[in-house]
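Participant:
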Amino acid sequence: MRLGVLDVGSNTVHLLVVDAHHGAHPWPAHSEKVVLRLAEQIAPDGALTEAGADGLVKAVGMARAAAAGLAADDLLAFATSAVRDATNAGEVLARVRDETDVRLEVLSGADEARMTFLAVRRWFGWSAGRLLVLDIGGGSLELAAGIDEDPNIAVSLPLGAGRLSRERLRVDPSGAVPPSAEVVEELREYVDGLLDPVVAKLTEVGWERPVATSKTFRMLARLAGAAPSGAGLWARRSLTRTGLRQVLGFIRHIPPGQLQELEGVSAGRAHQLLAGAVVAEAVMRRLDVDTLDICPWALREGVILRRLDQLEPM
1 MRLGVLDVGS NTVHLLVVDA HHGAHPWPAH SEKVVLRLAE QIAPDGALTE AGADGLVKAV
61 GMARAAAAGL AADDLLAFAT SAVRDATNAG EVLARVRDET DVRLEVLSGA DEARMTFLAV
121 RRWFGWSAGR LLVLDIGGGS LELAAGIDED PNIAVSLPLG AGRLSRERLR VDPSGAVPPS
181 AEVVEELREY VDGLLDPVVA KLTEVGWERP VATSKTFRML ARLAGAAPSG AGLWARRSLT
241 RTGLRQVLGF IRHIPPGQLQ ELEGVSAGRA HQLLAGAVVA EAVMRRLDVD TLDICPWALR
301 EGVILRRLDQ LEPM
C-alpha cells in the first residue's frame with residue numbers, strides 16, 4: 001500500500017509518502033516540506049498566533065492535496081510539541097479539521113520517544129542489544145532506552161533546539177552577534193538541571209548501543225566529519241563527544257546569521273544549531289556516552305511502522 005505521513009513539527013510541516021506492506025522496508029516515494037517555525041509563532045500568552053494557524057492550515061491543505069495526487073491509501077497526520085504546548089491547541093486542531101478534512105493526532109512527548117525508539121530498533125535490529133535513543137527536536141528532547149521494541153523508559157523534556165534558542169539564548173535567526181559566553185553557560189546549567197531527574201533512570205535501564213536521530217544531530221555529526229547526505233542512506237555515520245566539543249567550541253563564536261554558510265547546515269535551522277549542540281553535549285556528558293551512531297530513521301518512520309504492524313499479513 002501507499003502511505004502518507006504528515007509530521008507537523010516545531011520547525012516544519014513534512015509530508016512523506018512511502019510504498020510499503022506488512023513486514024517490508026518502507027520505501028520513500030515522495031517527500032516535501034514547508035518551513036513554518038510554529039514554535040516561533042507562539043504568543044506571550046502561550047497561544048499559536050493567527051498567522052501561525054493560517055500557515056498551518058494552508059500547509060496541511062497542500063499536503064493533503066499532494067498525498068491524494070500521489071494516490072496515497074491513507075494519510076497519517078500528527079503534531080508534536082509546538083501544537084501540543086499551545087494554549088489554543090483545541091481551536092487550532094478544530095480549524096485544521098474543518099478547513100482541510102485532516103484530523104491531526106497530537107502525540108505526547110513519551111509517545112514521540114516510543115515511536116522514534118521503534119524506528120531505531122527496526123533499523124539496527126536485535127543485534128544492537130539494549131538501545132539508548134536520543135532525539136533533539138525543535139520544541140523538545142526525547143530520550144528512550146530498552147531491549148524490546150517498546151522501550152523500558154521514554155521521556156520528553158522541553159529542551160528543543162528552537163525553544164531554547166528563542167527562550168534562553170534569545171537568538172534572532174538573522175542575528176549578527178553570537179550569544180555571550182555567560183548566556184551559553186547559563187543555558188548549559190539550565191539543561192543540566194532538567195536532565196538531573198532522568199539520568200539515573202536511564203542509567204539504571206542501561207544500554208549497549210547509544211543512537212541519535214533528528215536533523216540537529218545529523219548536522220552536528222556532519223560538522224564533526226561524518227559522511228555528507230550525498231553518500232546515501234546506508235552510509236554509517238557517528239558523532240563522538242570529542243568531535244562535538246570541537247564543533248561547539250567554534251560555532252559558539254559564529255553569528256547565528258552566518259551558521260548556514262557551514263557545509264551540511266540547514267538554512268532553516270542554522271540559528272538553532274548552538275542550542276542543539278549545548279543539549280547534545282550535556283546529554284552525552286551526563287550519560288557518559290563517547291560515541292553516538294546516527295540513525296536515518298526517526299519519528300515519521302516509527303509512525304509508519306506502527307501503522308504497518310496493525311495490518312493483517314497477506
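Just so you know, we're using our numbering here: the sequence shown kicks off at 1 and counts up by one.
A virtual CB, placed ideally from N, CA and C, is assigned to each residue, including glycine.
(1) Run through DSSP, which three-state label would residue 329 get?
(2) Along the chain, which unbroken stretches of the alpha helix (DSSP H) at least 4 residues long are found entirely within the segment 246-305?
(3) Would residue 118 count as contacting chain C if we go by Cβ distances under 8 Å?
(4) Could you give the C-beta distance for residue 102 and residue 65, rounded to a whole number, given that I count them as a contact under 8 Å?
(5) Distance, Cα to Cα, residue 205 vs residue 17?
(6) Relative to the C-alpha of residue 70, which candidate in 269, 233 and 30 has its C-alpha closest?
(7) In the DSSP assignment, what residue or residues form a beta bridge with residue 2?
(8) Which class does residue 26 belong to by DSSP, given the choice of helix, strand or coil?
(9) Does DSSP put residue 146 in a helix, a strand or coil?
(10) So, helix, strand or coil for residue 213, using DSSP?
(11) Buried or exposed: which applies to residue 302, given that a residue is buried once 16 or more other Cβ atoms fall within 10 Å of its Cβ?
(12) Rounded to whole angstroms, what's the CA-CA distance from residue 109 to residue 299? Just pull it up for me.
(13) In terms of residues, what are the limits of the beta strand (DSSP E) holding residue 240?
(14) Among 190, 152, 7 and 45, which has the Cα closest to the Cα of residue 169?
Facilitator: Checking against the coordinates, here is how it stands:
(1) Here the chain comprises residues numbered 1 to 314, so residue 329 is not present and cannot be evaluated.
(2) 273-286, all fully within the segment 246-305.
(3) Reference to chain C is not applicable here, since this structure consists of a single protein chain.
(4) The beta-carbon distance between residue 102 and residue 65, rounded to whole angstroms, is 11 Å. This is too long to meet the 8 Å contact definition.
(5) The straight-line gap from Cα to Cα measures roughly 35 Å.
(6) When each option's Cα is compared against that of residue 70, the closest is 30.
(7) Per DSSP, 19.
(8) Coil at residue 26, not helix or strand.
(9) Three-state DSSP puts residue 146 in a strand.
(10) Here residue 213 sits in strand by DSSP.
(11) Around the beta carbon of residue 302, 16 or more other beta carbons sit within 10 angstroms, so the residue counts as buried.
(12) For the pair residue 109 and residue 299, the Cα-to-Cα distance works out to about 11 Å.
(13) Per DSSP, residue 240 is one residue of the beta strand (DSSP E) stretching across 238-240.
(14) Comparing Cα-Cα distances from residue 169 to each of 190, 152, 7 and 45, the minimum goes to 190.
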